[in-house]
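This report refers to the structure that appears directly beneath it.
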């Protein structure tokens with residue numbers, strides 16, 4: 006099965022260890038024994054602290070507001086919206102990793 010992947014959090018369990026990632030949009034392919042993810046962005050959430058995440062969310066929101074005020078075209082707005090979703094995905098993943 007292949008499907009579209011939206012920005013969000015991803016829980017990875019490997020060799021009994023659980024790790025959380027924040028991922029951008031992309032594709033997911035599900036097999037009987039494994040799952041493959043192809044995405045434009047992915048970070049280990051343990052590498053980010055909450056201050057960095059909050060700053061990323063703030064920057065993304067400010068960029069969206071500026072884009073709306075400046076009448077950015079649809080493609081530019083989609084990129085800004087994707088950045089905002091990825092920033093929020095980091096916050097969600099961080100809260101689950103606690």
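Residue numbers (the working numbering): 6 to 103.
We put the beta carbon where it would ideally sit given N, CA and C, even for glycine.
Computed from a prediction, not measured in an experiment: that's the story for all the values here.
In chain order, what residues of the same chain lie with their CB nearer than 7 Å to the CB of residue i, ignoring the 5 residues before and after it?
| i | result |
| --- | --- |
| residue 66 | 89 |
Taking Cβ to Cβ, would you say residue i is nearer than 7 Å to residue j?
| i | j | result |
| --- | --- | --- |
| residue 33 | residue 54 | no |
| residue 11 | residue 30 | yes |
| residue 92 | residue 50 | no |
| residue 58 | residue 96 | yes |
| residue 85 | residue 69 | yes |
With 16 as the cutoff for other CB atoms within 10 Å, does residue i come out buried or exposed?
| i | result |
| --- | --- |
| residue 6 | exposed |
| residue 81 | exposed |
| residue 28 | buried |
| At which residue ranges does the segment 50-89 contain complete alpha helix (DSSP H) runs of 4 or more residues, listed in the order of the chain? | Counting whole runs of 4 or more residues, the segment 50-89 contains the alpha helix (DSSP H) stretches 55-74.
| message | Counting beta carbon pairs with one atom in the segment 89-102 and one in the segment 10-29, are three or more of them shorter than 8 Å? | response | The answer is yes - the segment 89-102 touches the segment 10-29, with three or more Cβ pairs under 8 Å.
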